[in-house]
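Order-wise, the sequence lines are chains A and B.
So the first sequence is numbered by this note's numbering: it starts at 38 and just counts up by one.
So the second sequence is numbered by this note's numbering: it starts at 14 and just counts up by one.
Since the structure comes first, as structure tokens, the remarks are kept for the end.
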Amino acid sequence: MTAGRPNDPSLKLLYDMLRIRMVEEAIAREYPKGEMRCPVHLSIGQEGAAVGIASALETTDLAVSTHRAHAHYLAKGGDLKRFLAELFGKDAGCSRGRGGSMHLIDLSVGFEGSTAIVGSTLPVGVGLAMGSKIRGEKTVTCIFLGDGAIEEGVFYESANFAVVRNLPVLFACENNSYSVYSPINVRQPKGRKIHELVRAIGLKTSSHDGNDVGGVTAVTRAAVAEIRAGGGPMLLEFATYRWLEHCGPYPDDNLGYRPEAEVAAWKARDPIVVASAQLADHPGFSADVMARWRSEIEAEVDAAFAFARAAAWPAQTTRADFVYA
Amino acid sequence: MPDTSAPQLTFVDAVRDGIDVAMQLDPHMVCYGLGADDPKRIFGSMSGLAEKYGNTRVFDAPTSEAAMTGIAIGAALRGVRSVTVHQRLDFFLLAMDQLINNAAKWHFMFGGQRSVPIVIRLILGRGWGQGPTHSQSLHSWFAHVPGLKVVMPTNAADAKGLLMSAIFDPNPVVFMEHRWLHQAVSNVPVGDYRVPLGRAHVLRQGGDITLTAMSFLVPEALRAATMLEGLGIKCDVIDLCTVRPLDWETVSKSILKTGRLLALDSGWLTCSVASEIVALACERHFRSLRCAPRRAGMPDHPEPTSFELTKGLHPSAESIANDVCDMLELPQRFEIAAGSGPHDVPGAWFKGPF
Ligand SMILES: Cc1ncc(C[n+]2csc(CCOP(=O)(O)OP(=O)(O)O)c2C)c(N)n1
Ligand SMILES: [Mg+2]
């Protein structure tokens with residue numbers, strides 16, 4: 038990250054959200070050139086949850102994620118250049134060009150992997166937590182998931198086992214109300230709350246506004262401290278909203294699957310705008326500061342894109358590498 | 014022979030038409046899956062059906078592949094046929110227990126009292142970085158299992174005809190659609206049109222070599238045959254259509270005529286459908302073979318995402334023609350024409366990313 042990243046905790050949260058936003062806006066802008074040839078699921082609009090959750094984790098804490106993992110990877114501290122190189126299919130990519138946008142990893146910051154099959158990292162995260170516990174480490178594992186993953190049987194099996202063994206795991210559910218184009222009310226009973234359902238499995242749960250990064254940080258900090266102290270698995274549900282299409286760089290509200298008023302209400306609650314407003318009286322914050330961050334981040338993002346573009350392809354001769362360890 | 018008076022449809026519209034006609038014929042039949050009534054309608058294959066048949070018969074599903082497959086089995090036991098759909102085969106892997114332990118076994122393990130007439134549409138991804146878990150062609154897994162039928166159509170007419178046969182077949186049928194074939198156009202008969210399951214189609218007659226293929230490899234094999242004709246080599250090209258039960262009779266006749274076999278497969282070769290065909294050829298026609306039979310398919314590693322690493326990954330008309338030249342000990346080799354566009358998209362209609 039750039040030298041300009043502030044030390045002040047609340048400024049840092051805003052800075053991190055802005056940085057992720059600008060990275061993803063750049064991906065959306067550059068994507069039509071056809072150089073990043075893999076499906077991309079952008080998190081624009083959901084940065085509050087990603088940054089708030091990750092800010093409550095230590096670097097040594099572990100995380101796994103989903104198809105929509107860019108923000109989680111970056112918020113956990115994943116390397117930007119290697120991330121973009123992965124999207125460009127380059128050998129310098131974080132997965133050596135084998136996995137693309139949906140398979141991100143940065144072991145140096147505890148980001149153990151994101152995968153493309155809904156629900157597939159849930160038991161893996163529980164297993165990481167069991168591993169840490171067996172080894173006597175004080176590590177917490179954070180499992181990022183969407184509202185759709187709650188519909189997979191493996192969620193119940195994983196949550197159940199995490200409770201039975203009292204494992205140090207945090208299920209961080211970003212509920213953006215949609216799975217692709219399907220609203221939650223055609224997939225889950227109307228009025229039933231994810232956090233209430235999961236509480237009945239035996240996890241401690243609560244629900245929060247995912248677009249208030251300060252609030253997300255506070256509740257996640259408390260949860261992580263409790264889990265680390267042996268308090269058992271928890272699920273935090275964060276309401277948030279994806280701005281762009283499910284997969285790809287464009288808006289898709291022309292399709293009419295989301296009520297216009299709903300889209301407008303969520304956009305008005307942009308997590309970056311919300312945090313900026315909360316910082317209005319902060320002595321270290323001003324429009325000038327924001328403008329300086331923007332230009333610094335822009336330079337960092339440009340350099341990372343230049344790195345990814347210039348990076349070498351994986352050699353054809355290595356195509357069969359990594360099948361076995 | 015194609016009925017040229019029939020309307021021209023794309024593969025994906027033919028699938029839609031087949032479902033539509035079947036739903037008219039069977040007033041209880043249902044059709045569901047994640048996205049079945051969303052704005053994109055599973056690449057257009059479900060357009061208008063929710064409106065026409067209502068939400069009781071055509072509906073969206075939770076991200077619950079295992080349960081939704083078992084639910085289709087239960088409904089079938091109660092006389093309600095279904096077509097369920099998954100936008101990638103890879104997503105369906107969560108439902109393998111229901112398919113293999115229940116659907117494929119029910120008729121057998123209860124002594125033939127009940128059967129499970131379900132159709133599962135699985136779409137095979139390729140290109141634009143679909144990568145390790147959005148591109149797998151695992152038809153040989155399904156073909157391994159007694160009790161299942163496995164269909165892999167290659168053109169619009171067969172897509173409709175085979176789908177309608179699958180729907181009215183009393184057994185569970187896995188129906189695999191390659192994403193790159195969705196825009197293929199042919200004449201598709203209207204109304205109740207059925208193409209029998211378990212029968213291969215000989216698309217081209219020649220005496221020198223037998224090419225067997227399925228799915229997107231059929232058009233590649235046909236293109237290879239045209240290229241080889243320029244060298245005076247004549248190919249039998251067989252579209253397997255159904256990979257279980259395999260139409261050995263048709264393949265056998267061709268091998269006895271040509272004495273040479275190149276079995277193409279859209280998946281990995283180890284334990285593949287191509288392996289099965291080569292094994293049968295060796296077991297039954299050893300003395301009629303004029304050279305060692307061969308297989309061609311995916312290299313023995315997962316599909317990487319990187320554009321560079323997917324170059325030449327899949328068999329193409331050129332690689333098939335080169336295999337044939339090699340088998341016939343001819344010196345000629347073909348190269349993919351320069352300027353034929355990026356290798357990871359089937360044509361300008363495919364805009365990615367999914
Ligand atoms: C097992 C499985 N089923 C279906 C899909 C297709 N798919 C990809 S992302 C997605 C949406 C999941 O929704 P959610 O968990 O809420 O995550 P979001 O996209 O909203 O972040 C679906 C259904 C898949 N990848 N894996
Ligand atoms: Mg969602």
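We put the CB at the ideal spot given by N, CA and C, even for glycine.
- For residue 160 of chain A, there are no C-beta contacts with chain B under 9 Å, since the nearest C-beta of that chain is about 12 Å from it.
- Excluding five sequence positions before and after residue 218 of chain B, the CB atoms of its chain that fall closer than 7 Å to its own CB belong to 249, given in chain order.
- Unbroken alpha helix (DSSP H) runs of no fewer than 4 residues, entirely contained in the stretch 87-161 of chain A, are found at 107-112 and 117-124, following chain order.
- Interface residue (Cβ-Cβ distance to chain B less than 8 Å): residue 210 of chain A is not classified as such.
- Around the C-beta of residue 137 of chain B, 16 or more other C-beta atoms lie within 10 Å, and the residue is accordingly described as buried.
- Against chain A, the beta carbon of residue 247 of chain B has no neighbour under 7 Å; the closest one sits roughly 34 Å away.
- Selection A/48, A/193 and A/321 evaluated against residue 80 of chain B yields A/193 as nearest (Cα-Cα).
- Under the three-state reduction of DSSP output, residue 272 of chain B falls in the coil class, being neither helix nor strand.
- Taking all protein chains in view, the Cβ of residue 361 of chain A is surrounded by fewer than 16 other Cβ atoms within 10 Å, so the residue is classified as exposed.
- In the DSSP assignment, the residues bridged to residue 211 of chain A are A/183 and A/275.
- Think of a sphere of 7 Å around the beta carbon of residue 196 of chain A: no beta carbon from chain B falls inside it, the nearest being about 15 Å out.
- Annotation for residue 246 of chain A indicates a beta carbon at 7 Å or more from all heavy atoms of ligand 2.
- Linking residue 329 of chain A to residue 230 of chain A through their CA atoms gives a straight-line distance of about 41 Å.
- Checking the 7 Å criterion, the Cβ of residue 218 of chain A is out of range of every heavy atom belonging to ligand 1.
- Under the three-state reduction of DSSP output, residue 191 of chain B falls in the strand class.
- Non-local C-beta neighbours of residue 68 of chain A in its own chain, meaning closer than 8 Å and more than five positions away in sequence, comprise 77, 285 and 286, ordered along the chain.
- In terms of Cβ geometry, residue 91 of chain A and residue 79 of chain A do not form a close pair [threshold 8 Å].
- Straight-line spacing of the CA atoms in residue 293 of chain A and residue 52 of chain B works out to 8 Å.
- For residue 363 of chain B, no chain A residue has a C-beta closer than 8 Å to its own C-beta; the minimum C-beta separation is roughly 12 Å.
- Here residue 189 of chain A is actually not in contact with residue 225 of chain A; their C-beta atoms are around 12 Å apart, not less than 8 Å.
- Judged by beta-carbon spacing, residue 57 of chain A lies within the 8 Å limit of residue 111 of chain A, meaning their Cβ atoms are closer than that value.
- DSSP places residue 128 of chain B outside any alpha helix (DSSP H), giving it a letter other than H or E.
- At least one heavy atom of ligand 2 lies less than 7 Å from the C-beta of residue 184 of chain A.
- Within the stretch 101-115 of chain A, no residue places its CB atom closer than 7 Å to a CB of chain B.
- Membership of residue 73 of chain A in any beta strand (DSSP E) is not indicated, and neither H nor E is assigned to it by DSSP.
- Within 8 Å of the CB of residue 224 of chain A, the CB atoms of chain B belong to 73, 74, 75 and 76, in sequence order along the chain.
- Residue 68 of chain B is not bridged by DSSP to any residue.
- Of the residues assessed, residue 150 of chain B falls on the buried side of the cut-off, its CB having 16 or more other CB atoms within 10 angstroms.
- If you draw a straight line from the Cα of residue 276 of chain A to the Cα of residue 287 of chain B, it comes to about 50 Å.
- The C-beta separation of residue 128 of chain B from residue 44 of chain B comes to about 19 Å, leaving the pair out of contact by the 8 Å criterion.
- Per DSSP, the unbroken beta strand (DSSP E) holding residue 200 of chain B starts and ends at 198-200.
- With its beta carbon at least 8 Å from every one in chain A, residue 174 of chain B lies outside the interface.
- A heavy atom of ligand 1 is found nearer than 7 Å to the CB of residue 156 of chain A.
- For residue 48 of chain B, the neighbours in chain A by C-beta distance under 8 Å run, in chain order, 217, 218 and 219.
- Non-local C-beta neighbours of residue 43 of chain A in its own chain, meaning closer than 6 Å and more than five positions away in sequence, comprise 49 and 52, ordered along the chain.
- Every unbroken stretch of the alpha helix (DSSP H) spanning 4 or more residues and falling wholly within the stretch 219-252 of chain B is given here in chain order: 230-242.
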